[in-house]
Amino acid sequence: MKELILASQLHAQLDTDYASKLFRATARNHQHAIARYTELRRINDGAYFLIIFGTFERYITDRADMAVKTRTSKPLFRHRRAWETLLNGTKLQTSFLNRVRVLLDMRSQNFTKIADYYGVRNDLAHEGITAKVFSIPTVVADLQTALNSLRS
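For the sequence shown, this note's numbering puts the final residue at 170, and the numbers step up evenly by one.
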């Protein structure tokens, strides 16, 4: 998904700039600047994580909606019965992780990583900070791997 790659590249540009400023501040022992650039890098990481995961979330939602609608269009009730429980009218009414479960085996490594990243997303979106350590390039690679498994 090219949007994930683009967001990752934009993040890297800002992070590189902040890292070089942090390096200079550290070399000069400017404590205020060190604190400022450390905080800017943390904020940049969180903001880009939310952009990247939000883009992934939208894709998963669209794919799960399509999968459920396809399965509920089956002519025989026994083939569509369970899938209809996920719909409220024509809209899929379920949590994000249940949407992922529609598409991926919940025992898979991809599902586990997505669930972990969903926890990071919730921390950042609701608390503004997370204690969980993440790397934007790794997040993008993991989400790309999950997307590729959906296509196969």
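From the three backbone atoms N, C-alpha and C, an ideal C-beta is built for every residue, glycine too. Only a predicted model underlies this, so the values are computations on that prediction, with no experimental measurement involved.
If you draw a straight line from the Cα of H97 to the Cα of R89, it is about 7 Å long. With 16 or more neighbouring CB atoms inside 10 Å of its own CB, F71 falls in the buried class. Annotation: the continuous alpha helix (DSSP H) that includes N140 extends over 127–145. Counting of Cβ neighbours within 10 angstroms places H144 among the exposed residues, the total staying below 16. When secondary structure is reduced to three states using DSSP, L22 falls in the helix class. Setting aside the 5 residues that flank it on each side, P155 is surrounded in the same chain by S26, A30, each with a C-beta closer than 8 Å to its C-beta; the list follows chain order. The continuous alpha helix (DSSP H) containing P155 extends over residues 154–169. Put simply, the backbone Cα of R54 is about 20 Å away from that of L28. In the three-state reduction of the DSSP assignment, K87 falls in the helix class, which pools H, G and I. DSSP, read as helix, strand or coil, puts T148 in coil. By the neighbour-count criterion, in which a residue is buried when 16 or more other Cβ atoms sit within 10 angstroms of its Cβ, L161 is buried.
Apart from sequence neighbours up to five positions away, the residues of its chain that approach E102 with a beta-carbon distance below 7 Å are T90, ordered along the chain.
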